[in-house]
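In my numbering, the protein residues as written are 6 to 276.
Heads up, the beta-carbon is just placed ideally off N, CA and C, and yes, glycines get one too.
Computed from a predicted structure; not experimentally measured.
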Amino acid sequence: MRKRASVWREVTARWDDICESAGLGYVPKLPASGHLLGSSTKVAKGPAVFVVRVIYMAPAQEAFSVIGDKRTLCGKASAACAALCLGHSTGHLQWDHARNARGWKTALLLGDRKLWRELLDAEIRNHDASCRASGKIAVVRVDGSSDTGEGKRSALRHPTVQHYDYTKRLGAALGSQPANYSLVFSWSGENVAECERALAAGCNVAVPFDTPKGSPMPDAFMGSEIVDGDADDLRFLDPQGDRGFVIGLRFKAGQNRQGGIDRSEGFVVRV
């Protein structure tokens, strides 16, 4: 197993070829020492014993600028979900440097997935070792703004590190999961029937509501009790039952929140 520095040197040396293989139509700027794993205000919430690291890649079709390129990193995203995604519209994620960071991580994934995985594995090993040394618990969320399924693959490669993700792929949500991987199904505004199937099967479902910051969530939705998902992002700690719980999330936007709600086409549930 190579150390992270060795893997990064290869990424740097082969960057132009990697981007050509990715076929994005442009070359994202590669940082001097970039990391796939990062943090955010969202994943930093919760008990301090858990240290979450997350990857934000280009959501939906954000990275694909070539006319006619139909690729996407979120195959089941609705148009409203893609347009209002937290992965590009809130906090630091709406800044140009964050967009470039999502771009190079996406280019590496598409241009050389084996090398992308090798870099991720090295970073997870470092993250886990650092947490153990300080008496904390390492947690990883691979698909912070994408839906690639790489989180489950990573969990299988690192069975002692807790992983979790959200997905709109019902088959993935209802499939068997490694013991160290938690997967929550996500509402898109167009998948009501699939959300009902997930809840009936005992799978928790994340739903964005128009509930303002500081206001309590409604008690129930679609016949399921609502858990306040804004208290933290530690979905693997959520309650489980014969019927799934709804993980309530307050809709967030960098600007014009009400405008986003108005054009959400059912993606944001009005209370």
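Helix or strand or just coil, what does DSSP make of residue i?
i      : result
Thr172 : strand
Val12  : helix
Arg248 : coil
Arg146 : strand
Ser181 : coil
Leu161 : helix
Arg7   : coil
Leu242 : helix
Gly154 : coil
Gly264 : helix
Asp237 : coil
Taking the alpha carbon of residue i as the point to measure from, which residue in the options has its own alpha carbon closest?
i      : options                        : result
Lys257 : Lys218, Lys34, Arg137          : Lys218
Arg174 : Met227, Asn131, Val16, Lys81   : Lys81
Val32  : Val189, Ala88, Arg104          : Arg104
Ala85  : His102, Ala65, Ala18, Thr216   : Ala65
Glu204 : Leu41, Pro183, Glu230, Ser193  : In the sequence on display, residue 204 carries Leu and not Glu. The shortest C-alpha separation from Leu204 is found at Glu230.
Cys208 : Asp215, Cys200, Phe214         : Cys200
Ala160 : Val71, Gly140, Arg122          : Arg122
Ser45  : Ala134, Arg58, Val54           : Arg58
Val12  : Ser83, Lys119, Ser150, Glu25   : Lys119
Glu155 : Asp126, Pro36, Asp133          : Asp126
Pro164 : Arg19, Met222, Pro183, Asp152  : Pro183
Lys34  : Asp238, Trp20, Gly43           : Trp20
Arg162 : Gly176, Leu89, Arg130          : Arg130
Leu124 : Gly149, Leu42, Arg137          : Leu42
Val145 : Ser139, Cys79, Leu239          : Leu239
Asp22  : Gly180, Ile72, Leu114          : Leu114
Glu67  : Ile142, Ser151, Arg14, Ala134  : Ser151
Val147 : Lys110, Ala138, Ser135, Ala18  : Lys110
Arg248 : Arg255, Ala225, Gly264, Gly234 : Ala225
Leu78  : Ala87, His102, Thr153          : Thr153
Thr216 : Glu195, Leu254, Ala18          : Leu254
Ser290 : Ala112, Phe272, Ser135         : Here the chain has residues from 6 to 276 only, and residue 290 is not among them.
Leu29  : Ala37, Ser220, Ala112          : Ala112
Ser38  : Ala10, Pro213, Pro223, Ala134  : Ala10
Ala138 : Val71, Ala106, Val54, Gly108   : Val54
Ala87  : Glu195, Pro221, Arg275, Met222 : Glu195
For residue i, collect the residues of the same chain with a Cβ closer than 7 angstroms to its Cβ; drop the 5 residues on either side in sequence, then sort them by chain order.
i      : result
Asp243 : Asn209, Val232, Phe250, Ile252
Gly246 : Gly207
Met227 : Cys200, Glu201, Leu204, Val251
Gly116 : Ile23, Cys24, Ser26, Ala27
Phe241 : Gln167, Tyr169, Ser187
If you drop the 5 nearest sequence neighbours on each side, which residues of the same chain put their C-beta closer than 6 angstroms to that of residue i?
i      : result
Phe190 : Ala178, Ala203, Cys208, Val210
Tyr186 : Lys157, Ala160, His168
Tyr171 : Val189, Ser191, Ala211
Phe69  : Arg76
Which partner residues does residue i have in the DSSP bridge list?
i      : result
Arg255 : Phe214
Gln167 : Val144
Val274 : Phe214
Excluding the five sequence neighbours on either side, which residues of its own chain have a C-beta within less than 8 angstroms of the C-beta of residue i, listed in chain order?
i      : result
Arg7   : Glu123, Ala127
Ala236 : Lys50, Gly51
His97  : Any reading at His97 is ruled out, since the residue's pLDDT is 49, under 50, leaving its predicted position unreliable.
Asp133 : Ala143, His163, Thr165, Val166
Gly176 : none
**Request:** Let me know the beta strand (DSSP E) ranges lying completely inside the stretch 187 to 235, each 3 residues or longer, listed in chain order.
**Result:** Within the stretch 187 to 235, the complete beta strand (DSSP E) segments at least 3 residues long are 210 to 214, 229 to 233, listed from N- to C-terminus.
**Entirely enclosed alpha helix (DSSP H) segments - the stretch 80 to 141, minimum 4 residues** = Within the stretch 80 to 141, complete alpha helix (DSSP H) segments of at least 4 residues are found at 84 to 89, 91 to 94, 101 to 116, 118 to 138, given in chain order.
**Request:** With a floor of 3 residues, list each beta strand (DSSP E) that falls wholly inside the stretch 17 to 88, ordered by position along the chain.
**Result:** Segments of the beta strand (DSSP E) lying fully in the stretch 17 to 88: 55 to 59.
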